[in-house]
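Chains as they are written, first to last, in this note's numbering: chain A, -15 to 470; chain B, 1197 to 1291. A short write-up of the structure that comes next.
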Amino acid sequence: MTLYNLSIHDAAERLRKKEISSRELTLSVLERIAKTDTKVKAYITLNEDQALAQADQADQAISKGIARPLTGIPLSIKDLICTQGLLTTCASKILENFVPTYDATVIEKLKAQGAVILGKVNMDEFAMGSTTEHSGFKITANPWNLDHTPGGSSGGSAASVAADMCLGSLGSDTGGSIRQPASHCSVVGLKPTYGRVSRYGLVAFASSLDQIGPLTKNVKDCALMMNAIAGYDPKDSTSVNECVPDFTATLTQSIKGKKIGIPREYFSTEGIDPDVKNSIDQALDTLKSLGAQCVDISLPHTPYAVAAYYVIAPSEASSNLARFDGVKYGIRDMEQTELVDMYKKSRSRGFGLEVQRRIIIGTYALSSGYYDAYYKKASQVRTLIIRDFKAAFESCDILISPVSPSPASIIGQHSEDPLKMYLSDIFTISANMAGIPGLSVPCGFNQMGLPVGLHLMGRHFDEATLLNVAHCFESATDFHTKRPSL
Amino acid sequence: MKISAKEVQNVAELARLELDEALTAKLADQIGSILNYVDTLKKVDTTGVPPTNHALSLSNAFREDVVVPSPGTDKALANAPLKENGCFVVPKIVG
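Below, the structure written as structure tokens:
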């Protein structure tokens, strides 16, 4: 029996029934990685010995009858979430030797459930990018077509789930970085509401936009991981003390009468690939056949969301990344005898081009004389975007759009045109600006066999409705059952 | 919106980055076109609209004034490229 291709809930049930052990499961996934990751290149660091030790502990817990939903489940972790004693690079040369002395809150929570940490996976450096090509170490391939990117920035997470090199993964999403790679790799990805999941131990990119979330093989697994990681954390002053429901409890509820908003600005966006458009139209028909009602919605400030985002995110990044100075952690140019020279040489050697580009844009936007024209203006537009969503959710329960205007790009295609790459984030960015949850669920393939994802957005703290609608959609379709041949 | 190589150099100085001439020119071009795009924000009337810094209206998060254990010097210095006597070491900054 093949074990590595099991989903989380399937494996958990077999573990509880003692049909399989976590050691067998973990070994099967590690073998799969050894065979497959030479092609996909998702992992930066493998945690083999620790993972097997964790699997053995999980097996003991199971034999004692104290198993929890993620006990013994092998997971991969995006390499910007701190793991005690395990290299955490943010896919940046500046942190190539950084070994955290503590666990992020989400890692503590996974470990408390007895999950198995397989290793750390690739990403765009400091999560800045939508293709995983901007990693300081390697380029990850899309398991569905190795000439294409897996999307990004959580490309290693999405690729490792799609290629059965883990049962689920944690990523992070600042402008679409969970949902877009999930869409490009045909897996489920959820960006929770801002404040729903603790950011303690997540290396910050843009603090007002970042959120950690799961990438999984199906919607139920996503709900199980959300149950494990959500909740208030006093160590994150922006986490919100809001009641956390059991996200699996409402998955199978009927969606009859649910109102689905179709934002007309999204569907009139230029450059939506015809295959993507087709898949979304078919998905809407499926939802209608399940009893959902479609309503026409307007989000009038949509055309300005990308521009506002590319002021706010780099501004926050330029401030957050000031901490990498060659003093406290990371690499340092030891030759320099002057402090400022040491800062400059260490940073310019350590940061890749995209990161330096965003630091420069952010520093420029925040610099005296430009602050009002850029940062303040963008923050005001952000208010208008939030008001758009508030108004929209008065007449619908969720909003639907494509995740990305086109399927995964060919490796190398976008690297010389940053603006074009930024514009492809049009459907995902607004959820981060407004702090609302967003989910990607597989909804088709283009003519080349590249996956397409359906994007669902909901009200603040209403992940349950997104998971419910996504689960009903998934149950009525078979896209999530397809796996790439590798 | 044009941004000159000199402006890029000034901003790089503020951000403590060292860019060579070729990269400066390339960035000036790319950042110019990104800022051009960002200038579309000027079309939006934001008169009287308050800026949003966080999507959820958060107030200050206070905790009880209770001492909790801190990581301690060894952990804090564990990743320091240079350390001595329980301190981070930097190049000499006073004469």
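Using N, Cα and C, we set each Cβ at its ideal position, and we do this for glycine too.
- Residues of the region 1229 to 1246 of chain B with a Cβ closer than 7 Å to any Cβ of chain A, in chain order: Ser1229, Ile1230, Tyr1233, Val1234, Thr1236, Leu1237, Val1240, Thr1242, Val1245 and Pro1246.
- Taking CB atoms only, Phe1258(B) has no neighbour in chain A less than 7 Å away.
- Along the region 407 to 431 of chain A, going in chain order, the ones with a CB nearer than 9 Å to a CB of chain B are Leu407, Asn416, Met417, Ala418, Gly419 and Ile420.
- Looking at the DSSP output, Leu174(A) sits in a beta bridge with Leu423(A).
- Between the beta-carbon of His455(A) and that of Val203(A) there is about 4 Å, and that keeps the pair under the 8 Å contact cut.
- Per the Cβ contact rule, the region 1243 to 1260 of chain B is in contact with the region 416 to 424 of chain A (3 or more Cβ pairs under 8 Å).
- Under the 7 Å criterion on CB atoms, Leu64(A) is classed as non-interfacial with respect to chain B.
- Secondary structure at Met210(A): helix, using DSSP grouped into helix, strand and coil.
- Annotation for His(-7)(A): the continuous alpha helix (DSSP H) segment containing it runs Ile(-8) to Arg0.
- No Cβ of chain A is located within less than 7 Å of the beta carbon of Gln1205(B).
- According to the DSSP assignment, Val1285(B) belongs to no alpha helix (DSSP H), since it is labelled neither H nor E.
- If one requires a minimum length of 4 residues, the alpha helix (DSSP H) runs lying completely within the region 202 to 272 of chain A are 203 to 213 and 248 to 251, in chain order.
- Within the region 64 to 130 of chain A, complete beta strand (DSSP E) segments of at least 3 residues are found at 100 to 105, given in chain order.
- Taking a beta-carbon distance threshold of 7 Å, Asn1275(B) counts as an interface residue toward chain A.
- For the region 339 to 356 of chain A, the beta-carbon criterion of a distance under 7 Å to any beta-carbon of chain B is satisfied by Gln340, Arg341, Ile343, Ile344, Ile345, Thr347, Tyr348 and Ser351.
- The region 347 to 363 of chain A and the region 298 to 314 of chain A touch, with three or more beta-carbon pairs separated by less than 8 Å.
- The alpha-carbon separation between Leu94(A) and Ile123(A) amounts to approximately 28 Å.
- One thing to note: Gly1228(B) has its Cβ within 7 Å of the Cβ of Lys1198(B).
- Between Asp381(A) and Lys242(A), the C-beta gap is smaller than 7 Å, which places the two residues in contact.
- Bounds of any alpha helix (DSSP H) do not take in Asp157(A); it lies within the beta strand (DSSP E) bounded by Gly152 to Asp157.
- Residue burial is scored here from C-beta neighbours: Tyr(-12)(A) has at least 16 other C-beta atoms within 10 angstroms and is therefore classed as buried.
- By the neighbour-count criterion, in which a residue is buried when 16 or more other Cβ atoms sit within 10 angstroms of its Cβ, Cys227(A) is exposed.
- Listed in chain order, the non-local C-beta contacts of Asp372(A) below 7 Å within the same chain comprise Leu283, Pro284 and His285, local neighbours out to five positions each way being set aside.
- The C-beta of Ile50(A) has fewer than 16 other C-beta atoms within 10 Å across all chains shown, which makes the residue exposed.
- Ala212(A) is positioned such that its CB atom lies no closer than 7 Å to that of Val171(A).
- Exposed is the label assigned to Cys1283(B), since fewer than 16 other Cβ atoms lie within 10 Å of its Cβ.
- Contact between Ser153(A) and Leu199(A) holds: their C-beta atoms lie close to 5 Å from each other, under 8 Å.
- From the listed residues Lys62(A), Val311(A), Lys261(A) and Ile239(A), the smallest Cα separation to Gln277(A) is found for Ile239(A).
- In summary, no residue of the region 92 to 113 of chain A has a CB separated from any CB of chain B by less than 7 Å.
- DSSP assignment within the region 366 to 423 of chain A yields the following whole alpha helix (DSSP H) runs of 4 residues or more, N-terminal first: 402 to 407 and 413 to 418.
- Proximity to Asp1270(B) across Glu1280(B), Leu1219(B) and Leu1254(B) peaks at Glu1280(B), based on C-alpha coordinates.
- Assignment of Ser60(A) by DSSP, reduced to helix, strand and coil, places it in the strand class.
- The DSSP-derived three-state label of Pro284(A) is coil.
- Cα atoms of Asn262(A) and Gly197(A): separation of roughly 28 Å, rounded to the nearest angstrom.
- Phe457(A) is classed as buried because its beta carbon has at least 16 other beta carbons within 10 Å across all chains shown.
- Residues of chain A whose Cβ lies closer than 7 Å to the Cβ of Ala1211(B) are, in chain order, Ser302, Ile343, Ile344 and Thr347.
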